[in-house]
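Chains as they are written, first to last, in the numbering used here: chain A, 77 to 433; chain B, 77 to 433. In this text, a Cβ means the ideal position worked out from N, Cα and C, and glycines have one as well. Report on the following structure.
There are 2 protein chains.
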Amino acid sequence: MRVLSNEDVDQLLTMPECIGALEEMYRDYAMGQALLVPRIDNLSPSTEPGAYYAFKQMGGAWPRRRVQALRINSDIITHPIIAGKPRRVKEPKAAGRWVGLVFMFSSETGALLGIFPDGAMQRLRVGAANGIALKCLAREDARTLAIIGSGWQAGGQLMAALVARPFEQVRVFSPRSESRTAFIIEAQRNYPKIDFRSTDSAEECIDGADVIMAATSSMVPVLEPSWLKPGVHVSCIKTQELDQAVLDGCDRVVVHVTAQPKQDVNVMPGTPNVNAEHNSGWWNAPGNRFAEYQELAQLVAGNSGGRRSPGEITCFVNNVGSGLQFAAAGALVLDKARAAGLGHELPDEWFSETVHP
Amino acid sequence: MRVLSNEDVDQLLTMPECIGALEEMYRDYAMGQALLVPRIDNLSPSTEPGAYYAFKQMGGAWPRRRVQALRINSDIITHPIIAGKPRRVKEPKAAGRWVGLVFMFSSETGALLGIFPDGAMQRLRVGAANGIALKCLAREDARTLAIIGSGWQAGGQLMAALVARPFEQVRVFSPRSESRTAFIIEAQRNYPKIDFRSTDSAEECIDGADVIMAATSSMVPVLEPSWLKPGVHVSCIKTQELDQAVLDGCDRVVVHVTAQPKQDVNVMPGTPNVNAEHNSGWWNAPGNRFAEYQELAQLVAGNSGGRRSPGEITCFVNNVGSGLQFAAAGALVLDKARAAGLGHELPDEWFSETVHP
Numbered sequence: 077m078r079v080l081s082n083e084d085v086d087q088l089l090t091m092p093e094c095i096g097a098l099e100e101m102y103r104d105y106a107m108g109q110a111l112l113v114p115r116i117d118n119l120s121p122s123t124e125p126g127a128y129y130a131f132k133q134m135g136g137a138w139p140r141r142r143v144q145a146l147r148i149n150s151d152i153i154t155h156p157i158i159a160g161k162p163r164r165v166k167e168p169k170a171a172g173r174w175v176g177l178v179f180m181f182s183s184e185t186g187a188l189l190g191i192f193p194d195g196a197m198q199r200l201r202v203g204a205a206n207g208i209a210l211k212c213l214a215r216e217d218a219r220t221l222a223i224i225g226s227g228w229q230a231g232g233q234l235m236a237a238l239v240a241r242p243f244e245q246v247r248v249f250s251p252r253s254e255s256r257t258a259f260i261i262e263a264q265r266n267y268p269k270i271d272f273r274s275t276d277s278a279e280e281c282i283d284g285a286d287v288i289m290a291a292t293s294s295m296v297p298v299l300e301p302s303w304l305k306p307g308v309h310v311s312c313i314k315t316q317e318l319d320q321a322v323l324d325g326c327d328r329v330v331v332h333v334t335a336q337p338k339q340d341v342n343v344m345p346g347t348p349n350v351n352a353e354h355n356s357g358w359w360n361a362p363g364n365r366f367a368e369y370q371e372l373a374q375l376v377a378g379n380s381g382g383r384r385s386p387g388e389i390t391c392f393v394n395n396v397g398s399g400l401q402f403a404a405a406g407a408l409v410l411d412k413a414r415a416a417g418l419g420h421e422l423p424d425e426w427f428s429e430t431v432h433p
Numbered sequence: 077m078r079v080l081s082n083e084d085v086d087q088l089l090t091m092p093e094c095i096g097a098l099e100e101m102y103r104d105y106a107m108g109q110a111l112l113v114p115r116i117d118n119l120s121p122s123t124e125p126g127a128y129y130a131f132k133q134m135g136g137a138w139p140r141r142r143v144q145a146l147r148i149n150s151d152i153i154t155h156p157i158i159a160g161k162p163r164r165v166k167e168p169k170a171a172g173r174w175v176g177l178v179f180m181f182s183s184e185t186g187a188l189l190g191i192f193p194d195g196a197m198q199r200l201r202v203g204a205a206n207g208i209a210l211k212c213l214a215r216e217d218a219r220t221l222a223i224i225g226s227g228w229q230a231g232g233q234l235m236a237a238l239v240a241r242p243f244e245q246v247r248v249f250s251p252r253s254e255s256r257t258a259f260i261i262e263a264q265r266n267y268p269k270i271d272f273r274s275t276d277s278a279e280e281c282i283d284g285a286d287v288i289m290a291a292t293s294s295m296v297p298v299l300e301p302s303w304l305k306p307g308v309h310v311s312c313i314k315t316q317e318l319d320q321a322v323l324d325g326c327d328r329v330v331v332h333v334t335a336q337p338k339q340d341v342n343v344m345p346g347t348p349n350v351n352a353e354h355n356s357g358w359w360n361a362p363g364n365r366f367a368e369y370q371e372l373a374q375l376v377a378g379n380s381g382g383r384r385s386p387g388e389i390t391c392f393v394n395n396v397g398s399g400l401q402f403a404a405a406g407a408l409v410l411d412k413a414r415a416a417g418l419g420h421e422l423p424d425e426w427f428s429e430t431v432h433p
């Protein structure tokens with residue numbers, strides 16, 4: 077049993093490799109050769125008044141690689157008032173740190189193979205999914221990218237976009253100019269040949285862009301339907317970033333997982349402040365067209381074709397994550413960690429037993 | 077983060093303590109003060125033809141003790157033909173061992189507090205649930221106990237029964253006499269004052285007994301309705317042991333968890349041999365009366381009363397486990413392990429992170 081760190085994962089797993097592993101998994105999933113374990117959120121009161129405890133679990137089995145992944149998040153959620161608005165905050169209460177973990181099991185022997193924090197892989201797999209959609213749906217000649225958002229997830233989106241297309245110009249918008257500047261300074265260092273530009277509004281950012289990637293923590297839409305021009309490809313990392321009007325303005329919408337339009341939720345009676353998080357978004361709204369949308373795995377498998385014309389407006393909604401992404405990327409990381417001798421090895425006997433129920 | 081063994085759990089947790097912890101938890105659960113995370117079975121093909129991989133997860137949050145438990149089982153299942161009948165076998169493929177684990181988290185900080193194998197606690201909590209039901213429902217003057225089954229679970233049932241009532245005679249039946257004899261030799265050593273008797277049939281075993289506990293791996297009923305006499309209390313550890321006819325012969329039936337009559341199942345297409353396990357049992361049969369039955373937690377909380385008359389025939393069906401049992405017993409075990417300095421302590425930083433998605 078091997079314990080890895082986020083640093084190990086970042087060192088072992090490149091974005092092109094992550095994209096490759098996920099594409100292989102999506103093709104199997106499209107053929108019914110992988111099992112999705114739907115995400116379930118379990119919410120109960122935490123210690124402080126107004127706070128709640130969110131225990132989230134998702135997973136997946138991928139027989140080709142003989143793995144089962146389970147990813148959990150164990151978060152204390154509060155809703156402080158920031159700039160006059162209640163904001164959803166995950167509090168780092170574990171000695172100043174957060175707790176999200178991936179557990180990898182062998183579906184050949186049952187053994188627990190590894191444990192690692194979810195952060196580094198989470199960013200890579202969200203980026204990879206949107207990068208794969210971009211690869212399938214954006215115009216081949218796309219050279220200008222607009223990124224709405226300048227946080228940690230925006231960095232993953234940039235990495236993935238550059239694997240999919242040779243973008244020459246990247247515009248960045250987020251409300252705080254310091255955050256944009258910091259993002260661009262780091263990006264410029266990583267990609268010195270690309271023309272990075274900071275923009276003062278979302279509309280300016282996306283004007284004339286071939287591809288628009290939203291990568292924010294916004295709970296309200298970040299694009300207007302009228303901004304979408306023929307030939308553009310749009311994506312987001314959470315459903316709240318795009319509303320039904322934007323989706324209706326697209327010629328084609330692909331979602332990440334159709335099997336689970338939203339997470340299942342178990343809530344203890346009396347758990348405070350859970351409504352905002354779990355009852356919002358277009359996929360709950362009357363008249364949503366979720367059932368009509370295609371699924372990323374079908375796109376990757378070639379079952380629903382790529383871009384159909386230069387003028388088509390395409391959209392990818394990363395509506396909910398899939399534990400299968402952790403199964404695919406996790407199997408690769410564990411193989412590479414074993415080969416490199418990275419991580420802490422613990423006795424397998426600690427995590428198995430001589431009796432069974 | 078503390079890693080414990082089955083031996084640690086057995087050493088730290090006595091049956092009376094386990095019963096006490098579970099009773100406190102059931103009272104809270106009856107008041108809506110605990111969150112059940114339903115059991116989900118995820119089934120996919122394993123490597124060998126005919127085998128499948130079963131990844132099972134269940135859990136629960138208990139705010140009073142500020143814990144969230146997650147219990148998983150990672151099993152390779154085969155169906156070899158034994159004595160002419162297909163039998164369901166969990167194969168110890170992890171270097172000759174099985175893999176079932178309990179993960180304990182803090183709902184105050186989010187931190188992973190501990191990991192331990194599930195075996196020792198599994199037996200204690202199954203026994204404890206049936207012991208609690210016995211305490212509530214059996215006659216106060218019950219002195220004769222019949223146990224159908226002589227395996228590992230039967231031992232847990234015996235321990236719990238003796239906490240609930242001062243039984244003087246215990247009869248044991250199971251098909252193989254060597255197994256019965258071995259069980260009785262060990263039981264006699266642990267409880268020298270009790271009159272243990274080996275019986276050659278189930279009917280002889282239960283004839284005149286005040287309490288009947290089924291604790292078998294049988295997939296078919298082990299009792300006949302006509303065997304039940306006024307005043308007897310009957311219990312089982314899985315639904316297959318009692319059929320609807322037996323339940324209809326009881327004046328009152330209490331089940332462990334009404335919120336989840338059976339486990340939810342995700343099955344990958346093409347997974348072999350899963351039907352027998354997951355589509356059998358009276359709770360799927362037309363005409364089952366599951367919806368009418370009471371719940372153990374309501375009984376413990378006093379909301380549905382105990383035994384109503386000396387002649388009442390009562391029944392407890394441990395229909396499905398609850399992850400909350402692991403939360404309750406696990407919180408106690410971790411407290412005691414910390415106090416005793418038992419187990420392997422690992423750095424908390426290995427299981428937390430400086431980023432969050």
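Indicate whether at least one CB of chain B lies closer than 7 angstroms to the CB of residue i.
| i | result |
| --- | --- |
| Phe131(A) | yes |
| Ser250(A) | no |
| Ser428(A) | yes |
| Gly108(A) | yes |
| Asn342(A) | yes |
| Gln233(A) | no |
| Val308(A) | no |
Please state if the CB of residue j and the CB of residue i are separated by a distance shorter than 7 angstroms.
| i | j | result |
| --- | --- | --- |
| Ala236(B) | Gly195(B) | no |
| Arg103(B) | Ala377(B) | yes |
| Phe131(A) | Gln144(B) | yes |
| Ser428(A) | Arg241(B) | no |
| Phe249(B) | Thr275(B) | yes |
| Val350(A) | Val343(A) | yes |
| Gly387(A) | Pro301(A) | no |
| Ala285(A) | Ala170(B) | no |
| Gly108(A) | Pro345(B) | yes |
| Val393(B) | Cys326(B) | no |
| Asn82(B) | Pro193(B) | yes |
When we look at the beta-carbon of residue i and count the other beta-carbons within 10 Å, is it buried (16 or more) or exposed?
| i | result |
| --- | --- |
| Met77(B) | buried |
| Pro156(A) | exposed |
| Glu421(B) | exposed |
| Val329(B) | buried |
| Glu317(B) | buried |
Which residue marks the beginning of the beta strand (DSSP E) containing residue i, and which one marks its end?
| i | result |
| --- | --- |
| Leu177(A) | Gly176 to Ser182 |
| Pro114(A) | Leu111 to Pro121 |
| Gln316(A) | Element bounds for Gln316(A): n/a, residue is neither H nor E. |
| Leu221(B) | Thr220 to Ile224 |
| Lys166(B) | Val165 to Glu167 |
| Arg328(B) | Arg328 to Val331 |
| Val287(B) | Val287 to Ala290 |
| Val393(B) | Thr390 to Val393 |
When the cut-off is 7 angstroms and only beta carbons count, does residue i lie next to chain A?
| i | result |
| --- | --- |
| Thr315(B) | no |
| His155(B) | no |
| Gly381(B) | no |
| Arg173(B) | yes |
| Asn82(B) | yes |
| Thr185(B) | yes |
| Asp271(B) | no |
| Asn118(B) | yes |
| Ala413(B) | no |
| Asp86(B) | no |
Give the range of the alpha helix (DSSP H) segment to which residue i is assigned.
| i | result |
| --- | --- |
| Lys211(A) | Gly195 to Leu213 |
| Ala145(A) | Careful: Ala145(A) lies outside any alpha helix (DSSP H), inside the beta strand (DSSP E) at Val143 to Thr154. |
| Pro139(A) | First-last for Pro139(A): undefined, no H or E at that position. |
| Phe243(B) | Per DSSP, Phe243(B) belongs to no alpha helix (DSSP H) and is neither H nor E. |
| Ala415(A) | Gly399 to Ala416 |
| Asp340(A) | It is not in any alpha helix (DSSP H) - Asp340(A) instead sits in the beta strand (DSSP E) that spans Asp340 to Val343. |
| Val322(A) | Gln320 to Asp324 |
Enumerated in chain order, which unbroken segments of the alpha helix (DSSP H) with a length of 4 residues or greater are wholly contained in the stretch 259-285 of chain A?
278-282
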